[in-house]
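Residue numbers (mature numbering (1 follows the signal peptide of the UniProt record, and there is no 0)): -17 to -1, 1 to 1417.
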């Protein structure tokens, strides 16, 4: 009963509501409604119809359905996807209205029974897309929705409901109370009228839908196309509380998108639907035909638009012309208001593409360009002739010219030509002109004129032509380079021969081909009648200035034919040679007698003389003659060697008959006198028809010896007086015999004594040579003849002054007297030839200058140079007294004196040193400003030659330069680095440019950096002084931070450089290290002892050090320094001075390679033996790292190991690999550690090799051996990629490029460490030298080896001068030869000298097997000579 009452109440309320709304149309489906009047109908094209349900007529109605009357679809009775349509009547309303309906969607299990949709069809058109839909189970209740359709009369629309069965097929869908209300919807918004939109194709179309009403939160805004497509809203904007704007945009619409569109809102409560508005798409217009060309010029085109026919939509509101070059990216557009148009300012001879553009109203109304007109302008006259005519290369017979590139703006036509016209004078009198024009290739701006004449003015101009005209450039004059001159005409050579001179004259070449700068005349003996003359002889050269066309050649050999070659030189070199042969006249023979010798014997009627062979000059000796001339009183005596000889032979009888005072006593054939022989004048014998009568005792005679040469009818003779026999007043034969015997005894004694001395001297020399060659005899270090003469005179004095001594005592005393220079005084004589020097380069000084403070002590006498090696060995190995005890003796008594009286001892100490202290001139107002920690030290026979001082501290720099200025010092020797072991040793007291120190301005003028030292040249100026001083600072940088240098080679060279560079009249040499003691003392002792060894042949190191310590404390600080001084002096004496000036290299070299017949050796061979004797031998301790077990497999041979001190330890990490590689860092001449010498990489060391290259910044690799993979014992495998990229451990090596010639293969690699990519890459060039054959000690060609050296040097300069890795099979002989050759070339370039011995010795100090063989050492000399000769020909 209760439920029935509730149902009746609900129905009553519903009826009341319906009565109050009064719908204008619709259907409630109640039982009292006339369904025929309900204005709906079932669809005809659906799958089934809606079912009308009236619950009061269905007693068994399922509980799932509500009570009442309505239309229903049972989903379970239909298949999934089947549809049922319900069509509402067509509506055409005049005012705002609302279509309201109720719907029911329920399934007991919550599944969706299907989808309920509402469609609005306009004017019977297509249904389109649904404007509203709902799906799912909405509960067992009715829901109400509204459709706000904004369509008004005369338009009509029809609403269609559609039910679609879901796949679950469960539940029910129902419709009820479909009512048309005459007021706005409350649940769906109403749209204002939507207007049509017109756009041009390709533009964006925008629809703006304005809606009024209350929108739900989940409201969706859509635009529906009549064909069914749905466009979501671009944006929704609320205008007011119940008014909002939805904007829809269609991008770049096309003609196919022209259609009807409407706005729709959707929510579960209903939908709003606008009217359909049309989207109108217009196509922009395009001409059908291209424009027409009316006329063309060089800079314009006149065209007709031709726009009568178009494609697209009008109206046309604007016309434009678009044109561009057919090959250009740009285009221009001009507006046109006429049917013809003229395009101005166009480029000549250019093809243009011209189109017409048409525009209709609206954005994007411009259509595509019409078909193009392609037309070309005419050419124009060239703007001007080409400019910038200049040479890029000038040679003697060709000229390469270049000019500015010819751009179109210059030619103004693509069809053009360039002609290069030139002229120059020809003919013997330069009175003819050669003219020619050459047509250039297109786009060429470079041309080479060939077959020109050298050193001529070439007048050149360029002509530019095109079809419209031509432009001619200005004429430019160039001069061809010089060439080697033509040959000198042989007929112009005139000469006058003399005995030992030839006068030669010549004329300038007919074709000088430039400015003659020099004439070179070479001559060489090619034939001689004198057997003493070696033919062919050495070739000699004379140079003459350009204005000197003659020369007198002297010191020639008589009777010798010389081949003369004369050639002229320009800046390009020498020309062809003119040859002629000239023979000198023969000359008179010469004798080797000196002063008139004593006769060998004499009696009353005879005199025995010594006949010595004469030397023929130009012709052999044909005859000897002995002439006897009576020495009459008041006779005009002949002078020895005079020109008046005895050309007419006279026998004794002829002389008597003619009354002649002379006669020929003998004529001897030349073959009978091949060596000195005694001859008795007056022996009553006949010689070749000439009687030799006995001499008359009572007459005095002059004995002459005459030699005669005869050749080709030309006779020359010479005579010399060889004896005088006095007249005998009375006969005393026994006395004569006694005197004769005594004289002979004296002579024999002198000879015997001399022989003993010579034997002793030779024995000493042999001992020294066997111990290491202390003095280089082959370079004339000892003037043997000078010494022998001096010794013989000393022996002679000993016979006269020491006659009471025994013979042995006399000989010993005379020998000691010869070498005891300290007691000789003014009679001191040098053992050393003045042309040589142990020091080299220093001016020769008198060795007997007084004032030397270094006196030989009795307990520590001086040591002879010849005994120095033995002395040092004894001192090093002695157990009782050696270097240790000798060094400690310098300090004996110091402590005792201090204990006696410390104050007094200190005062004596101060006064002793103060006496030799350098005192500065006090500064004005500061009497204490005279102090500086510096002492005068004597040199060898030169007082106060040195100033020993400490390295200036910052506050003492001004005082230091005051001292240098005051003492007029020209040399400063610095033997310390600025910082050592982390401590400042010396302040940098010099500027890098220019700086004031007090009132002294120091300017760095020049800086020269070498491997072991640096030389800086400063200019000193002082305020108030007009003088300007030049001071050189010699900075030795190779003294190690601990101990002494490993070898003295570099320090000795440094000392020689200082000596050679210090003027003789300069002030003291300033020497400093840090404290001005140990290293400073070593330098001074070495300097003094080298002079003493040179002048006296002895060294007195002990007393020199003793004297130095009396001038300045601790001058030798350690025993190690004391021993080093001995070793350095020994090395200097053994090696001597070996540098050769470049100007003297060629003759010196020829002398060095000459084989001495007696020794069957050469100076060069002996120098190499000296090198071997002074090469240090490595001990096991020195190669300890290479000998470690883990490193053995990284050595090719255990015989060739690098010392620990030279090892380049690897830095890059490669797994567990260690940091050892068999390599050594070595110096070049100019750079420290410039080379890394190593062996060819083994299979297990290739990665280490590339680590080495990268870690040490090596930019060059020089490979001096060949690849050999077949040799299992010594394999040499390829260790680089070619081509491509390869990894060796962490190292990435990439082949970049390569080049090759017959001598060298050059490869460029990019090397980087892939674990340290931030460090960048390293460019490395690999030079593989091909001209060093296997099993040869030297390269096949010197020229190719110089080519290799030049290529490496050039790359080093380009790449930043990194290190160079040099390797051969074992890193020895070949690598050393390369490094030595590089050093030699650096010496020549830096100092114009070569020192092969120094280069090899320096390298062997690092690795003893460098420059391994005599052939390689000889090759180093050859390379120096080849390089010097190449400089002459440049």
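Think of the CB as a built atom: it goes at the ideal place given N, C-alpha and C, for glycine as much as any other residue.
Quick caveat: nothing in here was measured; it's all calculated off a predicted structure.
Give the DSSP bridge partners of residue 515, in chain order.
Indexing the chain shown from 1 puts residue 515 at position 532. Answer is none; residue 515 lacks a bridge partner.
To the nearest angstrom, how far is the alpha carbon of residue 95 from that of residue 116?
For the purposes of this step, residue 95 is identified with residue 112 of the chain shown, where counting begins at 1. For the purposes of this step, residue 116 is identified with residue 133 of the chain shown, where counting begins at 1. Taking the straight line from one Cα to the other gives about 13 Å.
So what does residue 1326 bridge to, in DSSP terms?
Position 1343 of the chain shown holds residue 1326. Its beta-bridge partners do not exist; DSSP assigns none.
Which first and last residues belong to the alpha helix (DSSP H) in which residue 1104 is found?
Locating residue 1104 in the chain shown gives position 1121, counting from the first residue. Segment 1102 to 1118, the alpha helix (DSSP H) holding residue 1104.
Count the other C-beta atoms from every protein chain shown that fall within 10 angstroms of the C-beta of residue 1381, then say buried if there are 16 or more, exposed otherwise.
Here the question's residue 1381 lines up with position 1398 in the chain shown. It is buried - the Cβ of residue 1381 has at least 16 other Cβ atoms within 10 Å.
Which first and last residues belong to the beta strand (DSSP E) in which residue 23 is found?
In the chain shown, counting from the first residue as 1, residue 23 sits at position 40. First-last of the beta strand (DSSP E) with residue 23: 23 to 25.
Let me know the secondary structure DSSP gives residue 173 once reduced to three states.
Reading the chain shown from its first residue, position 190 is the one you call residue 173. Looking at residue 173 - three-state DSSP - the assignment turns out to be strand.
Sequence-distant residues of the same chain with beta carbon closer than 7 Å to residue 963, five excluded per side:
Translated into the one-based positions of the chain shown, residue 963 becomes position 980. For residue 963, where only same-chain residues beyond five positions count, the Cβ hits under 7 Å are 1024.
Short of 7 Å in beta carbon distance, which residues of its chain neighbour residue 503, apart from the five on each side in sequence? Order them along the chain.
Here residue 503 refers to the residue found at position 520 when the chain shown is read from its first residue. Excluding residues within five positions, the ones whose Cβ falls inside 7 Å are 524, 526, 550, 552 and 557.
Looking at the strands, I want to know which residues DSSP matches up with residue 43.
As a first step, residue 43 must be located in the chain shown, where it is residue number 60. Partner(s): none; residue 43 has no beta bridge.
Please report the residue range of the beta strand (DSSP E) in which residue 1243 lies.
Along the chain shown, one-based indexing puts residue 1243 at 1260. Note, residue 1243: beta strand (DSSP E), 1241 to 1246.
Nearest-angstrom Cβ-Cβ length linking residue 81 and residue 172, presumed shorter than 8 Å:
Translated into the one-based positions of the chain shown, residue 81 becomes position 98. Translated into the one-based positions of the chain shown, residue 172 becomes position 189. In fact, because the Cβ distance is near 11 Å, the residues do not count as touching under 8 Å.
What three-state label does DSSP hand residue 882 in the structure shown?
By one-based count along the chain shown, residue 882 stands at place 899. Bear in mind that a pLDDT of 37 at residue 882, under 50, signals an unreliable position, so the model cannot answer this.
What whole-angstrom Cβ distance do residue 135 and residue 101 have, given they're in contact under 8 Å?
If you number the chain shown from 1, residue 135 lands on position 152. If you number the chain shown from 1, residue 101 lands on position 118. That belief does not hold up - the Cβ atoms of residue 135 and residue 101 are roughly 19 Å apart, past 8 Å.
In chain order, what are the residue ranges of uninterrupted alpha helix (DSSP H) at least 4 long that sit wholly in the stretch 1324 to 1377?
1325 to 1342 and 1356 to 1374
Jot down the residue ranges of each uninterrupted alpha helix (DSSP H) in the stretch 1169 to 1233, minimum 4 residues, whole runs only, in chain order.
none
For residue 541, does the three-state DSSP call read helix, strand or coil?
Residue 541 sits at position 558 when you count from the first residue of the chain shown. Three-state result, residue 541: coil.
Exposed or buried, residue 684, counting other C-beta atoms within 10 Å across all chains shown (16 or more means buried)?
If you number the chain shown from 1, residue 684 lands on position 701. Residue 684 comes out buried.
On the CB-based measure, 16 or more other CB atoms within 10 Å of its CB, does residue 449 come out buried or exposed?
Walking along the chain shown from the start, residue 449 turns up at place 466. By the 10 Å Cβ count, residue 449 comes out buried.
Three-state class that DSSP yields for residue 83 in the structure shown:
Walking along the chain shown from the start, residue 83 turns up at place 100. Looking at residue 83 - three-state DSSP - the assignment turns out to be strand.
Does DSSP classify residue 1238 as helix, strand or coil?
Locating residue 1238 in the chain shown gives position 1255, where the first residue counts as 1. Reduced to three states, the DSSP call for residue 1238 is helix.
Does the pairing of the stretch 492 to 499 with the stretch 514 to 522 give three or more beta-carbon distances under 8 Å?
no
N-terminal and C-terminal residue of the alpha helix (DSSP H) that residue 948 is part of:
As a working note, residue 948 is residue 965 in the chain shown. 940 to 949 is the span of the alpha helix (DSSP H), which, as asked, contains residue 948.
Once the 5 residues before and after residue 576 are set aside, which same chain residues still bring their CB inside 7 Å of it?
Counting from one through the chain shown, the residue named residue 576 turns up at place 593. 595, 703 and 705.
Report the rounded CA-to-CA distance for residue 397 versus residue 383, giving the unit in angstroms.
Your numbering for residue 397 matches position 414 in the chain shown. Your numbering for residue 383 matches position 400 in the chain shown. Their Cα atoms are separated by approximately 26 Å.
Could I get the ranges of all uninterrupted alpha helix (DSSP H) runs contained in the stretch 618 to 685, with 4 residues as the minimum, in chain order?
635 to 641
Across the stretch 124 to 142 and the stretch 180 to 193, are there enough close Cβ pairs to call them in contact, namely three or more that are closer than 8 Å?
no
Let me know if residue 600 comes out buried or exposed under the rule of 16 or more other beta-carbons within 10 Å of its beta-carbon.
In the chain shown, the residue the question calls residue 600 occupies position 617. Its Cβ being crowded by 16 or more others within 10 Å, residue 600 is buried.
Excluding the five sequence neighbours on either side, which residues of its own chain have a C-beta within less than 6 Å of the C-beta of residue 371, listed in chain order?
As a first step, residue 371 must be located in the chain shown, where it is residue number 388. Excluding sequence neighbours, residue 371 sits near 386 and 387.
Going by DSSP, which residues form a beta bridge with residue 115?
Within the chain shown, residue 115 is the residue found at index 132, counting from 1. DSSP, once it has assigned bridges, lists 101 as partnering residue 115.
Whole-Å CB distance - residue 701 paired with residue 690, under 8 Å assumed:
The residue labelled residue 701 in the question sits at position 718 within the chain shown. The residue labelled residue 690 in the question sits at position 707 within the chain shown. With a Cβ gap of about 6 Å, residue 701 and residue 690 count as contacting.
Taking DSSP's pairing of strands, which residues face residue 134 in a bridge?
Residue mapping note: residue 134 aligns to position 151 of the chain shown, counting from 1. Its beta-bridge partners do not exist; DSSP assigns none.
Kindly indicate which residue of 59, 351 and 244 has the alpha-carbon position closest to the one of residue 108.
As a working note, residue 108 is residue 125 in the chain shown. Closest by alpha carbon: 244.
Mapping the DSSP letters down to three states, classify residue 890 as helix, strand or coil.
As a working mapping, residue 890 is identified with position 907 in the chain shown. For residue 890, the predicted structure reports a pLDDT of 35, less than 50, and the residue's modelled location is therefore unreliable. A value from the coordinates is still provided. Residue 890 falls in the helix class under three-state DSSP.
Our contact map puts residue 1352 next to residue 1241 with C-beta atoms below 8 Å; I'd like the distance itself, whole angstroms only.
Against the chain shown, residue 1352 aligns to sequence position 1369. Against the chain shown, residue 1241 aligns to sequence position 1258. No, residue 1352 and residue 1241 are not in contact; Cβ-Cβ is about 19 Å, not under 8 Å.
Report the rounded CA-to-CA distance for residue 1016 versus residue 952, giving the unit in angstroms.
Within the chain shown, residue 1016 is the residue found at index 1033, counting from 1. Within the chain shown, residue 952 is the residue found at index 969, counting from 1. In a straight line, the C-alpha of residue 1016 is about 10 Å away from that of residue 952.
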